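Taking my numbering, the leading residue of the sequence shown gets -19, the next gets one more, and so forth.
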Amino acid sequence: MANVIIGIHGLGNKPPEEILATWWKAAMAEGLKNSGHDSAMIRFSLAYWADILYDKRQDPSEKDPVSPYYMDEKYNKASGDFTGEDYSTRKKVIDFLGRQMNRIFLNEDLTLNYSFITDAIIHRYFNDLEIYYSGHILDIKKNALLNAGELIRERLLSLLKAHSKDEIMLIGHSMGSIIAYDVLTFLAPDIRINTLVTMGSPLGLPVIISRTAAEAGQRGMDNKQLATPPGVIRKWYNFSDLHDKVSFNYRLSDHYSENAHGVKPFDILIINNYESNGIRNPHKSFGYLRATQFTEILNEFILSEKLSLVQKAGRSISRMTRSLRSLISPAGQKTRQ
């Protein structure tokens, strides 16, 4: 058994898998170095799915900005400093608007109001997500239409199965957090995940909550209250930047209840310091992956691999005890579900 990090990227075309994986690792290593940690990066695998939706990858060497394969946001080391901004007013406004949005668009049973509006938004701005939920891909070799969502989920599922005996930190960025949640909830509920990390996640948006609840109902599961995936045994950290429009409804702890292990989302606001050519992008994965708050969690996970067997056994017993306590009240009665 070893510690392993599995990442799954977000929407949009990407550079080739090897390059993107290298950039993810570089961003994490940069964060460790900037925070004064000398921990070496452990095994990392990327659940790559851009090739399912795009015929050709983005090319980091492409010079023509008009080309659809041109990349204007490559990995680069942090240069901007946005810590001086006062975020308190913005946070109050976003918290208020987020609550109002959910009241308007979500019913108590998690069905969606005004679905024609949200469907139009997804169609206009989130083409990958629309295909993930309802699209098909033409497989020329098989001369058949294949379900795009199933193909994308399979990329992550196969990696999780390959590392099912390891201690896994799963990182889902942007749309990757939706795929991670769906796979862990619907396809791999029994695979243990030590730590789930979501970054710039849209899981709090009403349309995503409603779609997820609908699938839960179709599978005969509870669809009146979404919960942390059952296999997450230690922590679920959710990182957001208040300027990140994709994670506008960043308070996932308001929408996802704890699982049998007592794990529920722990929302953490960070400052995403990614910028390219002087233009800031607070949604970019590289800025999240080198954020100080995530780096501390990453370093702890890396170091945990060096724990003795006795220490690991102690942690396992502690987790089991917490799980039992979540199921049994102090009076010895089962809690209401």
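Glycine included, C-beta positions come from ideal geometry on N, C-alpha and C.
Keep in mind it's a predicted model, so treat the numbers as computed, not measured.
Integer Cβ distance of residue i from residue j, believed to fall under 8 angstroms
{"i": "Phe219", "j": "Ala271", "result": "7 angstroms"}
{"i": "Ser181", "j": "Leu232", "result": "7 angstroms"}
{"i": "Glu88", "j": "Asn(-17)", "result": "Glu88 to Asn(-17), Cβ: 41 angstroms. No contact."}
With 16 other Cβ atoms within 10 Å as the buried cut-off, status of residue i
{"i": "Ile282", "result": "buried"}
{"i": "Pro48", "result": "exposed"}
{"i": "Gly200", "result": "exposed"}
{"i": "His(-11)", "result": "buried"}
{"i": "Ser154", "result": "buried"}
{"i": "Glu65", "result": "exposed"}
{"i": "Lys244", "result": "buried"}
{"i": "Pro45", "result": "exposed"}
{"i": "Ile159", "result": "buried"}
{"i": "Asn252", "result": "buried"}
{"i": "Asn93", "result": "exposed"}
Residue i CB to nearest heavy atom of the ligand ZN below 7 angstroms
{"i": "Ala9", "result": "Inclusion of the ligand ZN in the displayed structure is not the case, the ligand content being empty and no account of it being possible."}
Residue range of the beta strand (DSSP E) that includes residue i
{"i": "Asp108", "result": "That residue, Asp108, is in no beta strand (DSSP E); its alpha helix (DSSP H) goes 107 to 114."}
{"i": "Thr178", "result": "173 to 179"}
{"i": "Leu232", "result": "Taken as a continuous stretch (DSSP letters only), Leu232 belongs to no beta strand (DSSP E), as it is neither H nor E."}
{"i": "Arg214", "result": "212 to 220"}
{"i": "Ala124", "result": "124 to 127"}
{"i": "Ser249", "result": "The question names Ser, yet the displayed sequence has Leu at residue 249. Note, Leu249: beta strand (DSSP E), 245 to 249."}
{"i": "Asn(-17)", "result": "-17 to -12"}
Residue i versus residue j: straight-line alpha-carbon distance, rounded
{"i": "Asn279", "j": "Met8", "result": "10 angstroms"}
{"i": "Pro(-5)", "j": "Ser25", "result": "16 angstroms"}
{"i": "Tyr165", "j": "Lys43", "result": "Per the sequence shown, the amino acid found at residue 165 is Thr instead of Tyr. So the alpha carbons of these two residues sit roughly 42 angstroms apart."}
{"i": "Thr69", "j": "Gly152", "result": "28 angstroms"}
{"i": "Leu33", "j": "His223", "result": "28 angstroms"}
{"i": "Gln313", "j": "Glu130", "result": "For Gln313, the pLDDT reaches just 45, beneath the cut-off of 50, and the residue's location in the model is therefore unreliable, leaving the point undetermined."}
{"i": "Arg172", "j": "Val212", "result": "6 angstroms"}
{"i": "Asn257", "j": "Tyr50", "result": "14 angstroms"}
{"i": "Gly(-8)", "j": "Gly11", "result": "24 angstroms"}
{"i": "Gly242", "j": "Lys215", "result": "9 angstroms"}
Enclosing alpha helix (DSSP H) for residue i [first to last residue]
{"i": "Pro186", "result": "186 to 198"}
{"i": "Asn239", "result": "Per DSSP, Asn239 belongs to no alpha helix (DSSP H) and is neither H nor E."}
{"i": "Phe266", "result": "265 to 269"}
{"i": "Gln325", "result": "Any answer about residue 325 is impossible in this case: the structure gives the chain only from -19 up to 317."}
Enumerated in chain order, which unbroken segments of the beta strand (DSSP E) with a length of 3 residues or greater are wholly contained in the stretch 46 to 103?
Counting only unbroken stretches of 3 or more residues, no beta strand (DSSP E) element lies wholly within the stretch 46 to 103.
Taking only runs that begin and end inside the stretch 6 to 38, name each unbroken beta strand (DSSP E) of 3 or more residues, in chain order.
23 to 27
Every unbroken alpha helix (DSSP H) inside the stretch 131 to 163 [4 residues or more]
Taking only runs of at least 4 residues, the alpha helix (DSSP H) segments lying wholly in the stretch 131 to 163 are 155 to 162.
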